[in-house]
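If you read the sequences in order, they're chains A and B.
Numbering-wise, the working numbering comes out as the position in the first sequence, counting from 1, plus 1.
Numbering-wise, the working numbering comes out as the position in the second sequence, counting from 1, plus 523.
Cβ coordinates follow ideal geometry from the N, Cα and C atoms, glycine included.
Structure first, then comments.
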Amino acid sequence: MVVVGSGPGGLQTAYSLGRTGIPRCAFISRDSAPGGMFRRFPLYQRLISWTKPDAPFERGTREYEWYDHNSLVGNEREHQALVPEFMDRAFDVPARSEMEAALVEFATRGDVRVRYECEWLGTRRDDGGFVLETSDGEYRCRVCVFAIGVTDPWVPPIPGLEAVPHYVAASAPEHYQGKSVFIVGKRNSGFELAQGLLPWARRIVLGSPRPVDVAMLAFSPLSIRYLSPYTEHIRGGTGSYVVDAAIERVERHLDGYRIHASGTTWEGKLELESDEVIAATGFRAPVLDLPTLGVAMVNDGRMPAQTPYWESVSVPGIFFAGNVMQASPGLRKHGATSSSGSVNGYRYNARVLAQHIAEKHFGIRRERPTLDGDEVVPFLLGELARAPELWTQKGYLARVVDLDEADGFRDAGIVPLADFVDREGDACAVAVEYDADGTIIPVVYVRRGGHLLEHALPPHPLHMFDTEEHRQQLATSLAPLRPTTVSARS
Amino acid sequence: MEASTANYVETLARLSLFADLTHPQLEALAHSFGEEVFAEGQRVIRQDMTGGGFYVILDGEAKVVIDGQERARLSRGDFFGELSLLTDEPPAADVIATSLLRCMIIPDNELKAFLLRQPSVMYRMLQIEARRLRAANVWTG
Numbered sequence: 002m003v004v005v006g007s008g009p010g011g012l013q014t015a016y017s018l019g020r021t022g023i024p025r026c027a028f029i030s031r032d033s034a035p036g037g038m039f040r041r042f043p044l045y046q047r048l049i050s051w052t053k054p055d056a057p058f059e060r061g062t063r064e065y066e067w068y069d070h071n072s073l074v075g076n077e078r079e080h081q082a083l084v085p086e087f088m089d090r091a092f093d094v095p096a097r098s099e100m101e102a103a104l105v106e107f108a109t110r111g112d113v114r115v116r117y118e119c120e121w122l123g124t125r126r127d128d129g130g131f132v133l134e135t136s137d138g139e140y141r142c143r144v145c146v147f148a149i150g151v152t153d154p155w156v157p158p159i160p161g162l163e164a165v166p167h168y169v170a171a172s173a174p175e176h177y178q179g180k181s182v183f184i185v186g187k188r189n190s191g192f193e194l195a196q197g198l199l200p201w202a203r204r205i206v207l208g209s210p211r212p213v214d215v216a217m218l219a220f221s222p223l224s225i226r227y228l229s230p231y232t233e234h235i236r237g238g239t240g241s242y243v244v245d246a247a248i249e250r251v252e253r254h255l256d257g258y259r260i261h262a263s264g265t266t267w268e269g270k271l272e273l274e275s276d277e278v279i280a281a282t283g284f285r286a287p288v289l290d291l292p293t294l295g296v297a298m299v300n301d302g303r304m305p306a307q308t309p310y311w312e313s314v315s316v317p318g319i320f321f322a323g324n325v326m327q328a329s330p331g332l333r334k335h336g337a338t339s340s341s342g343s344v345n346g347y348r349y350n351a352r353v354l355a356q357h358i359a360e361k362h363f364g365i366r367r368e369r370p371t372l373d374g375d376e377v378v379p380f381l382l383g384e385l386a387r388a389p390e391l392w393t394q395k396g397y398l399a400r401v402v403d404l405d406e407a408d409g410f411r412d413a414g415i416v417p418l419a420d421f422v423d424r425e426g427d428a429c430a431v432a433v434e435y436d437a438d439g440t441i442i443p444v445v446y447v448r449r450g451g452h453l454l455e456h457a458l459p460p461h462p463l464h465m466f467d468t469e470e471h472r473q474q475l476a477t478s479l480a481p482l483r484p485t486t487v488s489a490r491s
Numbered sequence: 524m525e526a527s528t529a530n531y532v533e534t535l536a537r538l539s540l541f542a543d544l545t546h547p548q549l550e551a552l553a554h555s556f557g558e559e560v561f562a563e564g565q566r567v568i569r570q571d572m573t574g575g576g577f578y579v580i581l582d583g584e585a586k587v588v589i590d591g592q593e594r595a596r597l598s599r600g601d602f603f604g605e606l607s608l609l610t611d612e613p614p615a616a617d618v619i620a621t622s623l624l625r626c627m628i629i630p631d632n633e634l635k636a637f638l639l640r641q642p643s644v645m646y647r648m649l650q651i652e653a654r655r656l657r658a659a660n661v662w663t664g
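As structure tokens, then:
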């Protein structure tokens, strides 16, 4: 099989696949070194995701991963928790260069052997599999994983917008000194620019159709970037404006630009002069010819549509890893989305994906340790309280315990929750989720005789999900599975 | 699938549910609520499971299944999931894709605010619900 890409998604997938026992895996990348997007972005050099160098758990433990949202996850101590080793602690989130250094180190220590400067150029079907045409010859495979990032500039079809620089081509902050800047877009990259330009620009306006979701913003990791320019606008402060408007066209003239827009949350038109315009309109996955192969796309053609196991919904055998996994949203219970768009989420997806591919396509069945009947409750309680997979991938990943008539309970590992609820066979699973009010709760699922039961356990003010009350409620929830075990053992 | 090549805003503009929205309102809708594509055979909403959403079919087909029995077929322009959200109960049916299925999704916790902001969409939704109710009450025996 072949994995394309050497960013964090590609490296984690390659690392995890390389340890499944699949005999022939090729890892290729057009880049000259590991790191992917972190070799260049974020443009203004500071990440938004937290790594806490000192935490209640030792670096290298599974529990510590919860406090470190940027390191890739290894099977051995020396491959674990590498980002804090490079952080100078000048800020609570790492710098781009620190992240890049940690990724290079992970590839080195983890012996992830990527063929660099080998660019994927095209794809075709061949004899039940695929052929990847590259700058270094053809690769034939039954299964391929594309960890190609979501880094190609995407610009909506607005007249004139194609002529303004995209985020990726924005200049250094000092270029904007004393200028008025209109930023089209107010998501992550738009606010990153706005914050970076606050000390330099004369006036900053961010405009896009969708209003900023204040309730979401307060709890989002993006708040680290959003808050300064946005609160400046809300307070009626000077020099920073956030406008809900559909941009109709952008006209270039000798001294700058004129932006024509219509209000979306207010009625009226807006015409605005600006020295500079930057399109922070987002990105697309560089999927090359995959759509012509039949790969269905979503999000205005920007990302491939995927199953809960990140396989193309329309072309079996083509999988995706890394940031683009966010296009597989899971159950969306109460509107919650996964963390698959960031390293802390997709590093776990990549592990799950590697095991899934090994089992489904190569017949390499992963170990499923047995559990005594009285071990199940404490095991699942411990997972609810501390499993970093469940806490970072809330509502997406679940810990599953299968029940087999012949040999009792078995730990079936971490799997996508959407897969668990649609499967058959007696089993139970636990997940950490948001309820309808946005409160974090533990949830237990029990599948018995073809019926699925769902039990929400109580929240806890300190998120301690291993209290006596939780133990009792979990045990009660699992009761439908217990008579079988007893009879199987008698 | 046609919707895979058409601009998302244009795809939404063609649906009768959103026929009264202005272009800026359609743009805001497209920016606020994303789309999802389901493989044939994949479940979209699940009977008795909490936390559904409001789904509008942009392309493809689906079946409505209650307790294992198929009850209806859905296609482009149809919507589902709203009864569960309006009554605050888990869905009473499975909806399963019978082809590659492309939907726009409004999460459960955002539907009410959206409908109150866009009463024309709520009115068109009511009209369709009324037709469904009348069809369900027709004596076919």
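Range of the contiguous beta strand (DSSP E) that encloses residue i
| i | result |
| --- | --- |
| glutamate 272/A | 270-275 |
| isoleucine 159/A | Run containing isoleucine 159/A: none; DSSP gives neither H nor E here. |
| glutamine 592/B | 592-597 |
| serine 17/A | Unbroken run through serine 17/A is the alpha helix (DSSP H), 9-18; no beta strand (DSSP E). |
| arginine 252/A | Before going further, note that residue 252/A is glutamate rather than arginine in the sequence given. 241-254 is the extent of the beta strand (DSSP E) around glutamate 252/A. |
| leucine 454/A | 452-457 |
Cβ-based burial, residue i [other Cβ within 10 Å; buried from 16]
| i | result |
| --- | --- |
| methionine 465/A | exposed |
| glutamate 550/B | buried |
| serine 241/A | buried |
| threonine 14/A | buried |
| serine 488/A | Note on serine 488/A: pLDDT 43, under 50, position unreliable in the model; the coordinate value appears next. That one is exposed. |
| arginine 97/A | buried |
| glutamate 175/A | exposed |
| leucine 133/A | buried |
| glutamate 368/A | exposed |
| serine 598/B | exposed |
| proline 166/A | exposed |
| tryptophan 267/A | exposed |
| glutamate 525/B | Interpretation of glutamate 525/B is limited by its pLDDT of 38, a score under 50 that renders its predicted location unreliable; the figure taken from the coordinates is listed afterwards. So glutamate 525/B ends up on the exposed side. |
| leucine 479/A | buried |
| threonine 545/B | exposed |
| asparagine 660/B | exposed |
| glycine 302/A | buried |
Beta carbon of residue i nearer than 8 Å to that of residue j
| i | j | result |
| --- | --- | --- |
| valine 182/A | leucine 198/A | yes |
| alanine 246/A | tyrosine 168/A | no |
| alanine 413/A | valine 402/A | yes |
| phenylalanine 284/A | proline 154/A | yes |
| glycine 409/A | glycine 374/A | yes |
| isoleucine 500/A | threonine 135/A | Missing from the structure shown is residue 500/A; chain A here goes from 2 to 491 and no further. |
| alanine 103/A | phenylalanine 87/A | yes |
| isoleucine 415/A | tyrosine 349/A | yes |
| isoleucine 563/B | serine 607/B | The question names isoleucine, yet the displayed sequence has glutamate at residue 563/B. Result no, Cβ atoms of glutamate 563/B and serine 607/B do not sit closer than 8 Å. |
| aspartate 631/B | histidine 335/A | yes |
| methionine 326/A | serine 315/A | no |
| serine 172/A | lysine 187/A | no |
| leucine 381/A | leucine 475/A | yes |
| leucine 398/A | valine 344/A | no |
Residue i: first and last residue of the uninterrupted alpha helix (DSSP H) it sits in
| i | result |
| --- | --- |
| isoleucine 358/A | 344-363 |
| isoleucine 651/B | 642-660 |
| arginine 472/A | 469-478 |
| phenylalanine 421/A | 418-423 |
| methionine 100/A | 97-110 |
| leucine 207/A | First-last for leucine 207/A: 204-209, but that is the beta strand (DSSP E), not the alpha helix (DSSP H). |
| glycine 191/A | 189-198 |
Expected contact under 8 Å - CB spacing of residue i and residue j to nearest Å
| i | j | result |
| --- | --- | --- |
| glycine 575/A | glycine 10/A | Residue 575/A lies beyond the range of chain A shown here (2 to 491); nothing can be said about it. |
| leucine 458/A | valine 447/A | Wrong, their Cβ atoms sit about 13 Å apart, outside the cutoff. |
| asparagine 300/A | glycine 557/B | 6 Å |
| glycine 111/A | glycine 75/A | 6 Å |
| serine 17/A | proline 35/A | Actually they do not touch by this definition, with Cβ atoms about 15 Å apart. |
Chain E within 8 Å of residue i, Cβ atoms only
| i | result |
| --- | --- |
| arginine 333/A | Among the chains of the structure shown, chain E does not appear; the protein chains present are A and B. |
- Can you give me, in chain order, the residues of the segment 544-567 of chain B that have a beta carbon less than 9 Å from any beta carbon in chain A? Thr545, His546, Pro547, Gln548, Leu549, Glu550, Ala551, Leu552, Ala553, His554, Ser555, Gly557, Glu558, Glu559, Val560, Phe561, Ala562, Glu563, Gln565, Arg566
- Short-range partners of chain A found in the segment 568-584 of chain B, where Cβ spacing is below 7 Å: Arg569, Met572, Thr573, Gly574, Gly576
- Taking a cut of 8 Å between CB atoms, which residues from the segment 250-279 of chain A lie near chain B? Ser263, Gly264, Thr265, Thr266
- Near-chain B residues of the segment 296-316 of chain A (beta-carbon distance less than 8 Å), N- to C-terminal order: Ala297, Met298, Val299, Asn300, Asp301, Gly302, Ala306, Thr308, Val314, Ser315
- What residues in the segment 414-430 of chain A bring their beta carbon closer than 8 Å to a beta carbon of chain B? Val422, Asp423
- Pull out every residue of the segment 627-660 of chain B whose Cβ sits closer than 9 Å to any Cβ of chain A, in chain order. Ile628, Ile629, Pro630, Asp631, Asn632, Glu633, Arg640
- Task: Please name the residues in the segment 201-212 of chain A whose beta-carbon is closer than 9 Å to at least one beta-carbon of chain B, in chain order.
- Result: Ser209, Pro210, Arg211, Pro212
- Task: May I ask you to list, following chain order, the residues of the segment 607-619 of chain B that have a beta carbon less than 7 Å from some beta carbon of chain A?
- Result: none
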